[in-house]
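In UniProt numbering, the protein residues as written are 1 to 142.
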């Protein structure tokens, strides 16, 4: 289970370091083999390869009216590997699309992680907290 937030810094070569708390789990789960792709939220999604393959199979099973969404997810997908320095290389195209600069937020979301520009993530969280909590969430946490 991938969960929690980590503040990270993108280096000059477009690499981010995978937090130590995720390394052993990802090594066991996918031997460091990951896939990064676009998210409709304008962040990047980072999947362990087995979770990506399951998600991709579901996308491929959708009807033709989902073709544009398949293009966003599958067409932009890039297989990456955690290197010996515990880093993942993010392509310039994906970094530009998600508005990633130097300060990042990595958010564990169960079977995947999200990579956000730290300022955009904070703004989204602030906007979410300014709205009333949906009943479905309120009933779960209150």
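By construction, the Cβ of each residue, glycine as well, lies at the ideal position given by its N, Cα and C atoms.
Does DSSP put residue i in a helix, a strand or coil?
{"i": "residue 108", "result": "strand"}
{"i": "residue 1", "result": "coil"}
Going by DSSP, which residues form a beta bridge with residue i?
{"i": "residue 54", "result": "Its beta-bridge partners do not exist; DSSP assigns none."}
{"i": "residue 97", "result": "None; residue 97 has no bridge partner."}
{"i": "residue 48", "result": "34"}
What does the alpha-carbon distance come out to for the pair residue i and residue j?
{"i": "residue 135", "j": "residue 59", "result": "29 Å"}
{"i": "residue 15", "j": "residue 89", "result": "4 Å"}
{"i": "residue 67", "j": "residue 97", "result": "20 Å"}
{"i": "residue 106", "j": "residue 138", "result": "25 Å"}
{"i": "residue 43", "j": "residue 99", "result": "8 Å"}
{"i": "residue 75", "j": "residue 64", "result": "15 Å"}
Smallest Cα separation from residue i: which of the options?
{"i": "residue 36", "options": "70, 52 and 108", "result": "52"}
{"i": "residue 94", "options": "70, 133, 115 and 48", "result": "115"}
{"i": "residue 29", "options": "55, 1 and 41", "result": "1"}
{"i": "residue 111", "options": "7, 45 and 32", "result": "45"}
{"i": "residue 91", "options": "79, 85, 70 and 21", "result": "79"}
{"i": "residue 73", "options": "17, 39 and 123", "result": "39"}
Confirm, please, whether the CB-CB distance from residue j to residue i is below 8 Å.
{"i": "residue 108", "j": "residue 3", "result": "yes"}
{"i": "residue 9", "j": "residue 104", "result": "yes"}
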